[in-house]
Structures are given as structure tokens and as C-alpha cells.
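Numbering (the numbering used here), first residue to last: 8 to 206.
What follows is a set of notes on a single structure, which appears directly below.
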Amino acid sequence: MPVARAVAGNGQKTLRNESLTLWPPLAPRASYKIQKRQKKGTLEMIKEGEKAPDFTLPDESGQKVRLSKLKGRPVVIYFYPKDDTSGCTQEAKDFTCLAGDFAAAGAELIGISPDSPASHEKFKAKYDLSIRLLADEQKEAAEAYGVWVEKSMYGRKYMGVERSTFLIDKAGKIVKSWRKVKVPGHAEAVLDAVRALKS
Numbered sequence: 008m009p010v011a012r013a014v015a016g017n018g019q020k021t022l023r024n025e026s027l028t029l030w031p032p033l034a035p036r037a038s039y040k041i042q043k044r045q046k047k048g049t050l051e052m053i054k055e056g057e058k059a060p061d062f063t064l065p066d067e068s069g070q071k072v073r074l075s076k077l078k079g080r081p082v083v084i085y086f087y088p089k090d091d092t093s094g095c096t097q098e099a100k101d102f103t104c105l106a107g108d109f110a111a112a113g114a115e116l117i118g119i120s121p122d123s124p125a126s127h128e129k130f131k132a133k134y135d136l137s138i139r140l141l142a143d144e145q146k147e148a149a150e151a152y153g154v155w156v157e158k159s160m161y162g163r164k165y166m167g168v169e170r171s172t173f174l175i176d177k178a179g180k181i182v183k184s185w186r187k188v189k190v191p192g193h194a195e196a197v198l199d200a201v202r203a204l205k206s
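Next up, the structure:
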């Protein structure tokens, strides 16, 4: 970034152009906009009963998916940390096994992680997954839903996705959320909640 600085010389001031390097470098702008939910300098967790933050993200084939275009049916979005890791793989398999049941209940099922579309494509092919996976490489959707958080492992702190699931009704409101998800039995619990919407 060029910056003009005043330089003293012979009793007069002259301007000199200098170049400053920003660190960390600015990230490229995403091709979509998501309003970040911030409160007192930290990301605010989305609450049940609130309108689900809209987003547009590419799936494993590169096709853009906009949440607001899915209104008129329940939508399940589950955030997970990383493709092809043990917990995330089991969660994806569990949702895949119940994909037909979610479809029968009229619900759209979507997984989201910071991985790239290419990574999602390989992940789906490796484990024969049928669910749609969206690439949130800029973490904007994760931030909008309050799941991009500080984590700790073996005494080391780092930023990452908190495994979370959100059930959105036909009107686009969040009716149920699961935070810090434990994988065993989770997909079944989400399916039960989807079915309860119709009762």
C-alpha cells in the first residue's frame, strides 16, 4: 500500500512515497456476502427462533447453493471441521444412511466445512456419500452461525469449526440447534426433530 511520508531536508519538507506491506495479508473477497453476527468483539451464537443467516456457497461440483432459495421445506445444515477425519467421516456416513428418511420427511440435508469443492468431491467418492457438501473456505457461513470458535487440543489453542447442526423450518427460521455435537446417535436425533415438525 503506497503511503506518502514527509521528509525534512534543507529546512523544507518534501513528500516521499513508501510501500507498506500488510501482515497478515488481506484475504480475497468472497463471491458472496454474509452478515457477521458480532457482539462485544466476539461472534454471537445464533439462537433458536431467529432467522437463519443466508449464504451462497459452492457444492462439491462447484454449483452455487443459496440457502434462501430452499425456503418452503425444512433444511438441515450441519457444520463439521474437516473432510476425511474420523469423527467427520462417521457423521457423514450416518447422515448418508438416513438420507432417504430425511428426503421422505421433505427435508434438505446439507453438510458444510471449510474444505474446498475438490476435497468434498474426493471425500464423497471415497465413502460413497450421498449428501450435498458445501465449501465454506472463507469461514463466513461458520462465522455467521457462530461456529467458528477458539478450540484447544493438548494445550494448544487454535481456531476451528465447532461441530454443530441447525434445523431450519419452511419459513427460514431456526427451530432447533445442536452445539458441540457428539456423533453417535446424532443423525437419528436430527431426523426425529425433522419428523416432529410435521406432527
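Idealized CB from N, CA, C, for every residue including glycine.
Note that the structure is a prediction, hence the values are computed from the model and not measured.
Segment contact: the region 59-69 against the region 89-98, fewer than three CB-CB distances shorter than 8 Å; contact not assigned. Its Cα nearest to that of E150, the residue V168 stands out among K205, K133, A203, V168. Distance from the Cα of F109 is smallest, within the candidate group V83, K131, K78, S171, for V83.
Inter-residue distance for A111 and L198 is about 11 Å (C-alpha atoms, whole angstroms).
Each of K78, P88, E128 was checked against the Cα of W155, and the nearest Cα belongs to P88. Non-local C-beta neighbours of A142 in its own chain, meaning closer than 7 Å and more than five positions away in sequence, comprise L64, P65, D122, S123, P124, H127, ordered along the chain. S159 has its alpha-carbon roughly 36 Å from the corresponding atom of L204.
8 Å or more divides the Cβ of A106 from the Cβ of G179. Residue pairing by DSSP places T172 opposite Y85, W185 in a beta bridge.
D66 has L141 as its beta-bridge partners, per DSSP. By the C-beta density criterion, E57 is exposed, having fewer than 16 other C-beta atoms within 10 angstroms. With a threshold of 16 other beta carbon atoms within 10 Å, S75 falls short and is exposed.
Residue range 71-73 is occupied by the beta strand (DSSP E) that includes V72.
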